[in-house]
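Chemist: Pasting in a structure now, in structure tokens, and then I'll have a few things to ask.
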Amino acid sequence: MKHPLIKILFISGIVISQAFFSFGQNPQEKDIIQKAQEEAYNKTRTVTEGKNADYIPYLAKVPSDLFGIVIVTSSGKIYKIGNTDFEFGIESISKAFVLALAMQTVNPDTIRINIGVNATGMPFNSVIAIELEGKSPVSPIVNAGAMATNSLIKGSTKEEQFGKILKYFSKLANRPLRVINELYQSEAATNMHNRAIAMLLASYGHMWADPIDACDSYTKQCSVGITAEDLAMMGSSLANGGIHPITKERLLSEESVPKVLAVMGMEGLYEKTGEWMYTVGLPAKSGVGGGILAIVPGKMAIAVFSPPLDGAGNSVKAQKAIAFIAQKLGFNIYKP
Ligand code: GLN
């Protein structure tokens, strides 16, 4: 390889073959993803840390040993392992998708100005965060901001308003979803703290509907039942620039995808988001039902379900499994 031209051809050959074997349409992709998923499952399944949420009585009764991992790539391929068909409460993961829905009618800058897009560094139901941040909800994906965002979705009746949210979630999941009624009843009977937050926000002029109606619609959006497969499918549009990889329907505008992901990257795991981004480096959203959705932009959505949570309300096993997969596949949005 003495001649410089031969050297250039040789090097560019390596680059092309590497690009071919990077994530896209290649025969090795399946094996690499499946192996990482299996390893993550086997290494994490014996973890015993964490505890089911119990401030919502229904959640305390969900079997703690359920564990499933689903990956949906931005080209629509599905990889699953474990309990991927069990229907659990979407809970706070719904906040990211209601934000996406609000952005279909409300300019992202209106969200920034009226709700806020900063990190709170505090628990998801913090009242202090509202007070400290100039009497504003701070972020669309904490309880306060999520109820304010919900109030931006309009309908001539309460049913029509929530119907829009459920229809949107169903399009993202590519199957008709439903509210788990027992979960909704359990949550509605115990959500006084959220009702108080909604009233507080209304007193500060940050609610765009009746605050109790917004809180109720928010409680319903949190009670939507999803499987780990639904969750990864819902995330796949976020991973694919807003277009659903299977139905090919545009479900988020090109402009709103990076905004939703930025908010997830700042607040998705609440007061533990900094540590999460520092160690894993993927925008993610957790829910107290035990689900976590992580997005690798342009590549895939990773959804994990396992009910036991850490002190901030994030599934312990899900964090470990996603961290393992991301590390194994070399995914981190801060890496070239
Ligand atoms: N519905 C739950 C609540 O309002 C959602 C919390 C969460 O998943 N972090 O408390």
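Residue numbers (my numbering): 208 to 543. Note that beta-carbon positions come from the ideal geometry of N, C-alpha and C, so glycine has one too.
1) What residue range does the alpha helix (DSSP H) around residue 278 cover?
2) Ligand 1 and residue 327: does the residue's C-beta get closer than 8 Å to at least one heavy atom of that ligand?
3) Can you tell me whether residue 396 is buried or exposed, with buried defined as 16 or more other CB within 10 angstroms of its CB?
4) Is the closest heavy atom of ligand 1 to the C-beta of residue 509 under 8 Å?
5) Residue 458 and residue 373 look like a contact to me (Cβ under 8 Å); what is the Cβ gap, rounded to whole Å?
6) So if I measure from each beta-carbon to every heavy atom of ligand 1 and keep distances below 6 Å, which residues remain?
7) Between which two residues does the beta strand (DSSP E) holding residue 287 run?
8) Excluding the five sequence neighbours on either side, which residues of its own chain have a C-beta within less than 6 Å of the C-beta of residue 519, listed in chain order?
9) Would you call the region 235 to 255 in contact with the region 281 to 291, where contact means no fewer than 3 C-beta pairs closer than 8 Å?
10) So, is residue 410 buried or exposed, given that buried needs 16 or more other C-beta atoms within 10 angstroms?
11) Looking at the structure shown, is residue 457 part of a helix, part of a strand, or coil, going by DSSP?
12) Alpha carbon to alpha carbon, what distance is there between residue 428 and residue 281?
13) How many Å lie between residue 554 and residue 426 at the Cα?
14) Return helix, strand or coil for residue 522, following the three-state DSSP convention.
15) Could you tell me which residues DSSP pairs with residue 407 in its beta bridges?
16) On the criterion of 16 or more Cβ atoms from any shown chain inside 10 Å, does residue 270 qualify as buried, or is it exposed?
17) Considering Cα atoms alone, identify which of 481, 437, 348 and 445 is closest to residue 383.
18) I think residue 356 touches residue 322, with their Cβ atoms under 8 Å apart; what is that distance to the nearest whole Å?
19) Check residue 228 in the structure and name its three-state DSSP category.
20) I want to check one thing, is the minimum distance from the CB of residue 426 to the heavy atoms of ligand 2 below 8 Å?
21) Quick one, are the C-beta atoms of residue 275 and residue 511 less than 9 Å apart?
22) Terminal residues of the continuous beta strand (DSSP E) containing residue 503?
23) Excluding the 5 residues preceding and the 5 following residue 530 in the sequence, name in chain order all residues of the same chain whose CB lies nearer than 7 Å to its CB.
24) Taking 9 Å as the threshold (C-beta atoms), are residue 344 and residue 408 in contact?
Modeler: On the basis of the supplied data:
1) Residue range 275 to 280 is occupied by the beta strand (DSSP E) that includes residue 278, with no alpha helix (DSSP H) assigned at that position.
2) Residue 327: no, Cβ never under 8 Å from ligand 1.
3) Residue 396 should be labelled exposed.
4) Not a single heavy atom of ligand 1 lies less than 8 Å from the C-beta of residue 509.
5) Wrong, their Cβ atoms sit about 14 Å apart, outside the cutoff.
6) One residue after another in chain order, those with a Cβ under 6 Å from a heavy atom of ligand 1 are 298, 299, 331, 332, 350, 394, 401, 429, 494, 495 and 520.
7) Counting along the chain, the beta strand (DSSP E) containing residue 287 begins and ends at 285 to 289.
8) Apart from sequence neighbours up to five positions away, the residues of its chain that approach residue 519 with a beta-carbon distance below 6 Å are 477, 478 and 479, ordered along the chain.
9) In this structure the region 235 to 255 touches the region 281 to 291; the number of beta carbon pairs closer than 8 Å is three or more.
10) Counting C-beta atoms within 10 angstroms of its own C-beta, residue 410 has fewer than 16 neighbours from the protein chains shown and is therefore classed as exposed.
11) Here residue 457 carries a strand assignment [DSSP, helix/strand/coil].
12) Using only the alpha carbons, I get a separation of about 25 Å.
13) As displayed, the chain neither begins before 208 nor continues past 543, which places residue 554 out of reach and without an answer.
14) Note: residue 522 maps to strand in three-state DSSP.
15) DSSP output for residue 407 lists no bridge partner at all.
16) The residue is exposed, with fewer than 16 neighbouring Cβ atoms inside 10 Å.
17) With distances taken between Cα atoms, residue 383 lies closest to 437.
18) Yes, they are in contact, since the Cβ atoms of residue 356 and residue 322 sit about 6 Å apart, within 8 Å.
19) Because the pLDDT at residue 228 is just 41, under 50, the model does not fix this residue reliably, and the value given afterwards should be weighed accordingly. Shown here, residue 228 sits in a helix according to DSSP, grouped into three states.
20) Absent from the structure shown: ligand 2. Ligands present: ligand 1.
21) In this structure, residue 511 lies closer than 9 Å to residue 275 by Cβ.
22) 498 to 503 is the extent of the beta strand (DSSP E) around residue 503.
23) Taken in chain order, the residues that qualify are 486 and 487.
24) The beta carbons of residue 408 and residue 344 sit closer together than 9 Å.
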